[in-house]
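I have placed the structure first, in the form of structure tokens, so that the comments after it can refer back to it.
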Amino acid sequence: MRSHPADSATSQMARQTLLLHNLPLVQSIVTKTLRSRPHLLSGPAGGSGGGSASPSSSELQVGAALTKDDLLHEGTIGLAEALDKYDFSYSDLSVTEHTSSTAPKGARLGTYATYWIRGRILRAIQSREHAFRFPERVLQASHRLVKAAKELGLEWSTVVELKDASKKNRLRVALCDAAGISTEFLFQEAIRVRTISKSGMPTQLESWMSLSPKSVEQQQEEEELLLEMEEMGPQHTLDTLSKFLDSREVQVLSLRYGLVSAEEGGDTEVQASSSTQAAVFRDYEAEAEDDLFGPNGILAHYSAVPVEERQPAVIASNTASAAAASITSNITTPSSQTTVPSLANTPTLLPFKDIGKKMTLSGEYCRRLCSAALDKLTRAVEEGRLAESDFSLGW
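First residue of the sequence shown? That's 1 in full-length UniProt numbering, and the numbers climb one at a time after it.
Structure follows, in structure tokens:
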């Protein structure tokens, strides 16, 4: 049992005192972390490993503007979590020479908190190391693969460039066993993330997040990439969506985010099916909407608000690349539970009422279809089966 003081104010004061007293531990762990990873520091602090740099000037070189102050902040959060989890009844402070208790002494608070502080700092570095967030399990698998390759005495180029199929298969099995990777998909994703990290390949958000001015070569590459994406049109994005969604959900997203214009015919097969079943859909929808949004419904207070105004503001464009960015901006990424930023401006989306007329369905049903489709894409991102690059040219 943990000891809980009767006075909550006293408890909070004690917690605050412990937090302030152990802040030097956070400072020490951040300094050791940066010294052991000098490649993380840029600017004047890079050569010295961060030892003589002030916290506000030690920026990580990944272009994410992560400073030493940010690491101190993350470490303090880890310390607070450790204080909440630590069981003071088994600490060495409670076992004194005057007690006859035979309970074993637990770890010191500083030792216990070190793991929480270091873990929080390392996760912050890993999550901000790339221009956009990779799934944490893929990042961890990538790090385990690198460690396993070093233990086996292998160069990473050997792992990636080996041509012999039989040798490559045996090497893959050995690496997966050493790294604790159980699926082929996770292995391939970890290889891809590591390859991107080492080669410095450009990503869709890298130029937007970069703090340094672009070179002429970078601008030319970006222009060529945009031209190629425009030539491809929206079909690549539609093909990607069709891997995770059914045809009706793809059509709703396409109309909503401008992948196809409202004047285009779209999928005639889907339209025919929708027309045939429209009456059945409306019967179910009218009953469900009355239960939810009617005078006595559990969501009656929403009934006066138009469906379009209830939706969060999102980013869309009539071009294929911007429309894909609009969809990904509504897909929640793992760990951070934030949305992927988009490069496009914010035009007006096609209302669900107009989408319903196009598909001969009600606007509310189209809204639910859109919400269900975005939920499916979010789960695909969390499971590592979908990345933002899949909506552009891929890697």
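All residues carry an ideal CB built from backbone N, CA and C; glycine is no exception.
All of these numbers come straight from a predicted model, not from anything done at the bench.
Please report the distance separating the alpha-carbon of residue i from that of residue j.
i, j, result
"M13", "G110", "19 Å"
"W156", "A148", "10 Å"
"T31", "E151", "27 Å"
"T76", "K243", "42 Å"
"P354", "A165", "Rather than Pro, the amino acid found at residue 354 in this sequence is Asp. In a straight line, the C-alpha of D354 is about 54 Å away from that of A165."
"R15", "C366", "50 Å"
"E364", "G356", "8 Å"
"Y86", "R108", "10 Å"
"L350", "L238", "18 Å"
"V381", "T17", "41 Å"
"L361", "F187", "43 Å"
"T240", "L139", "23 Å"
"P341", "V146", "Note on P341: pLDDT 38, under 50, position unreliable in the model; the coordinate value appears next. Taking the straight line from one Cα to the other gives about 30 Å."
"T10", "S89", "17 Å"
"L253", "T378", "14 Å"
"V173", "P135", "23 Å"
"T192", "R256", "Rather than Thr, the amino acid found at residue 192 in this sequence is Arg. Their Cα atoms are separated by approximately 32 Å."
"D70", "E81", "17 Å"
"G50", "G153", "Residue confidence for G50 is low, a pLDDT of 42 falling below 50, so the modelled location carries little weight and cannot support an answer."
"S100", "I125", "Because S100 sits at a pLDDT of 45, beneath the cut-off of 50, its placement in the model cannot be relied upon, and the point is left open."
"F22", "S36", "Note that residue 22 is Asn in the sequence shown, not Phe. Distance between the alpha carbons of N22 and S36 is about 22 Å."
"Y112", "S8", "24 Å"
"R368", "Q235", "24 Å"
"D177", "L386", "25 Å"
"T158", "A141", "18 Å"
"L171", "F352", "52 Å"
For the alpha helix (DSSP H) that contains residue i, what are its first and last residues?
i, result
"S362", "No alpha helix (DSSP H) contains S362, which DSSP labels as neither H nor E."
"S182", "Looking at the DSSP string, S182 is not in any alpha helix (DSSP H), and its letter there is neither H nor E."
"G75", "K68 to K85"
"K147", "E136 to E151"
"K163", "K163 -> no alpha helix (DSSP H), and no H or E assigned at all."
"P24", "L23 to S36"
"R385", "No alpha helix (DSSP H) holds R385; DSSP gives it neither H nor E."
"S254", "S247 to Y257"
My guess is that residue i and residue j are in contact by the Cβ rule of under 8 Å, so how many angstroms apart are they, rounded?
i, j, result
"I181", "I117", "Actually they do not touch by this definition, with Cβ atoms about 28 Å apart."
"L245", "K376", "6 Å"
"K195", "V160", "Note on identity: in this sequence residue 195 is Thr, with Lys being the wrong assignment. Contact flag correct, Cβ pair sits at about 6 Å."
"E189", "G384", "6 Å"
"G168", "L162", "In the sequence as presented, Gly is not what sits at residue 168; that position holds Lys. Right, their Cβ atoms sit about 5 Å apart."
"L83", "L19", "6 Å"
"residue 398", "A179", "This structure gives no information on residue 398, because the portion of the chain shown stretches from 1 to 395."
"Q27", "L72", "7 Å"
"K68", "L34", "7 Å"
"E74", "R120", "5 Å"
So that I know if they touch, is there some Cβ in chain D lying closer than 9 Å to that of residue i?
i, result
"T111", "Within the model displayed, chain D is absent; a lone protein chain is all it includes."
With hydrogens ignored, establish whether the beta-carbon of residue i is closer than 8 Å to any heavy atom of the ligand FAD.
i, result
"G119", "Judged by which ligands are present, the structure shown has none, so any question about the ligand FAD falls away."
Taking 8 Å as the cut-off, does the region 357-372 touch the region 241-259 (at least 3 CB pairs, one atom from each stretch)? yes
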